[in-house]
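Those protein sequence lines, which keep their order, are chains L and W.
Residues in the first sequence are numbered from 42 upward in steps of one, following the numbering used here.
Residues in the second sequence are numbered from 42 upward in steps of one, following the numbering used here.
Just so you know, even glycine gets a beta-carbon here, dropped at the ideal spot from N, CA and C.
Working notes for the structure below.
There are 2 protein chains.
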Amino acid sequence: MNNKNKITGNNLQDFQVKPDSFECSITVDIAVFGYVGNRLKLLLTKRSAGGFQDHWLLPGGVMEADENLKDCANKVLYALTGVRDIHFEQVRVYASLDRHPVKRVITVSFYALVRPENHSLALRENVERIDWFDIDGIPEKLGFDHGQIIRDAHQFLKNNLKDKLIVGELLPETFTMTELQTLYEDILGVKLDKRNFRKRIFQMELLEKTGRVKAGVKGGPMLYRYTKNP
Amino acid sequence: MNNKNKITGNNLQDFQVKPDSFECSITVDIAVFGYVGNRLKLLLTKRSAGGFQDHWLLPGGVMEADENLKDCANKVLYALTGVRDIHFEQVRVYASLDRHPVKRVITVSFYALVRPENHSLALRENVERIDWFDIDGIPEKLGFDHGQIIRDAHQFLKNNLKDKLIVGELLPETFTMTELQTLYEDILGVKLDKRNFRKRIFQMELLEKTGRVKAGVKGGPMLYRYTKNP
DNA sequence: TGTTTCTGTGTACTTTTGACACAAATGCTA
DNA sequence: TAGCATTTGTGTCAAAAGTACACAGAAACA
Numbered sequence: 042m043n044n045k046n047k048i049t050g051n052n053l054q055d056f057q058v059k060p061d062s063f064e065c066s067i068t069v070d071i072a073v074f075g076y077v078g079n080r081l082k083l084l085l086t087k088r089s090a091g092g093f094q095d096h097w098l099l100p101g102g103v104m105e106a107d108e109n110l111k112d113c114a115n116k117v118l119y120a121l122t123g124v125r126d127i128h129f130e131q132v133r134v135y136a137s138l139d140r141h142p143v144k145r146v147i148t149v150s151f152y153a154l155v156r157p158e159n160h161s162l163a164l165r166e167n168v169e170r171i172d173w174f175d176i177d178g179i180p181e182k183l184g185f186d187h188g189q190i191i192r193d194a195h196q197f198l199k200n201n202l203k204d205k206l207i208v209g210e211l212l213p214e215t216f217t218m219t220e221l222q223t224l225y226e227d228i229l230g231v232k233l234d235k236r237n238f239r240k241r242i243f244q245m246e247l248l249e250k251t252g253r254v255k256a257g258v259k260g261g262p263m264l265y266r267y268t269k270n271p
Numbered sequence: 042m043n044n045k046n047k048i049t050g051n052n053l054q055d056f057q058v059k060p061d062s063f064e065c066s067i068t069v070d071i072a073v074f075g076y077v078g079n080r081l082k083l084l085l086t087k088r089s090a091g092g093f094q095d096h097w098l099l100p101g102g103v104m105e106a107d108e109n110l111k112d113c114a115n116k117v118l119y120a121l122t123g124v125r126d127i128h129f130e131q132v133r134v135y136a137s138l139d140r141h142p143v144k145r146v147i148t149v150s151f152y153a154l155v156r157p158e159n160h161s162l163a164l165r166e167n168v169e170r171i172d173w174f175d176i177d178g179i180p181e182k183l184g185f186d187h188g189q190i191i192r193d194a195h196q197f198l199k200n201n202l203k204d205k206l207i208v209g210e211l212l213p214e215t216f217t218m219t220e221l222q223t224l225y226e227d228i229l230g231v232k233l234d235k236r237n238f239r240k241r242i243f244q245m246e247l248l249e250k251t252g253r254v255k256a257g258v259k260g261g262p263m264l265y266r267y268t269k270n271p
């Protein structure tokens, strides 16, 4: 194998001596954001075996030979949360040499938005605990480089929120303006003006009134839903 | 290996039977943008061996066991263009099962901005041609999924241009406002108003006058440079 | 039924964006 | 070298978007 071949790289057919690959695992880690009790939360797990037993970890899984990234992320998400076909997006790749203590692991991170009350959490084998954490109350003891992955995913979520109304699965089918605003505030970590927020949201023309008000709340707030065909 | 282990994934220590990996190559493809003759260009190569001989390809290379993504991207960029330590950024990962005809290949794409006149191109082994193409004149016959990778990288560049003045290496050390504006127009694919563009750029306070004017151009345009410590 | 708490709304001000034209500087050429 | 052609460099005004701000009405709760 000469160096030129390595550089030009794409022509893998040319390699006869040894393959252009090395022992390494490809994994997917998912930052699953949820919205519980008016707080933005992140789903973390704690392992009952192996290293990092006293650390919290993002849910993640190993990619297999016959699946692509989306399939893998879907599989992991479904297996851990029971959620299928949720909106999630690739964030970035982590491939430092020393990020895993045992072997080379290359990880692609995603983020997903779910509504926790739709899915009960179950402890799996090798998972000792699984819990939602306030975004500003993430445990300090995180395994691997998951602290960085979480920061990156949260920033990615903030950036996306600027343009798009991508709260997707985070809210119930119908919701009040205050609920939507509180969600925005919690994701962005800032306080927003009620009247200006409503102005901004309404002129996106993505929501419609349901005609019903939410019971049990003073003031009788109107319930909204996403417009079907925007 | 039970399924639970696969799902929780991060605990690779637990696997004794077979590793959580499969035969696959990790490669890096770089969308190298340059600016020649007032046109935004993209660097492409044509192979002289292997498949896709009549197709153009992004420069790319195989990652090795002892290097991380940045090192690998630097290596590839240096080997192909002679450029070192250039600003480049991760764009995204491509991992479809069928994107390479021979084996499983997972590719991380980057983009880089260089100034072609600083670096002469050399044909390497297995590279039959190497050339700059206008961004709106990219050949149709591209190997693998490089058409998609190029579109994604170009979009990424556009998005970044909105906030930051990241023209980095694309212009010479000193340049006129018109040159900078033409570059912006070519990256974004739109016409901009001269006075509004200058207003926007100046209030970023990233440029300073050199005090010299560019010779050979009517009107005697002022030359600017980046402010050293912003 | 009174009190408390939350909702829902409009206006004035500031900032940002976008459209638009002409005199001065230099290159070019006859 | 004089005149012409081209390119630079600059300001104002209008529209749009963003920001600050207060109070009456609805429903819960006691």
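With a cutoff of 9 Å on beta-carbon distance, L:L248 and L:L229 are scored as not near each other. The beta carbon of W:L138 sits closer than 9 Å to some beta carbon of chain L.
For the pair of segments examined, the stretch 75-88 of chain L was found to touch the stretch 169-179 of chain L: the number of CB pairs separated by less than 8 Å reaches three.
Distances from the CA of W:I190 to each of W:Q131, W:N159 and W:E210 were compared; the closest alpha carbon is that of W:Q131. Under DSSP, W:A114 shares a beta bridge with no residue.
Between the beta-carbon of W:L138 and that of L:D107 there is about 7 Å, and that keeps the pair under the 8 Å contact cut. Secondary structure at W:T268: coil, using DSSP grouped into helix, strand and coil. Per DSSP, W:Q131 is one residue of the beta strand (DSSP E) stretching across F129 to Y135.
W:R253 has its alpha-carbon roughly 24 Å from the corresponding atom of W:D234. Of the residues L:Y135, L:K240 and L:Y225, the one whose Cα lies closest to the Cα of L:K199 is L:Y225.
Exposed is the label assigned to L:R192, since fewer than 16 other Cβ atoms lie within 10 Å of its Cβ.
Among the residues facing chain W, L:I147 is included, as its CB has a counterpart in that chain under 9 Å away. Among the residues of chain L, those whose CB is under 7 Å from the CB of W:D61 are S66 and V103, following chain order. Rounded to whole angstroms, L:V258 and L:I127 show a C-alpha spacing of 30 Å.
For W:D70, the enclosing beta strand (DSSP E) starts and ends at S66 to V77. Secondary structure note for L:F238: its alpha helix (DSSP H) is the uninterrupted segment K235 to F243.
Around L:Q131, the beta-carbon contacts reaching into chain W at under 9 Å are R133 and V134.
Collapsing the DSSP output to three states places L:E226 in a helix. Residue pairing by DSSP puts W:K250 in a beta bridge opposite W:Y265. Interface with chain W (9 Å Cβ-Cβ cutoff): L:A72 is excluded. With a threshold of 9 Å between beta carbons, W:D107 makes contact with chain L. Within the same chain, and ignoring the five residues on either side of W:I179 in sequence, the residues whose Cβ sits closer than 7 Å to its Cβ are L83 and I191. Our two residues, L:R236 and L:T219, have alpha carbons roughly 11 Å apart in a direct line. A Cβ of chain W is located within less than 9 Å of the beta carbon of L:L110. Annotated three-state conformation of L:T217 is coil, per DSSP. Per DSSP, the unbroken beta strand (DSSP E) holding W:R88 starts and ends at R80 to R88. Distance between L:I171 and L:N115, taken at the CA atoms: about 19 Å. Under the rule that a run must span 3 or more residues, the beta strand (DSSP E) segments found entirely inside the stretch 127-212 of chain W read 129-135, 146-154 and 168-175.
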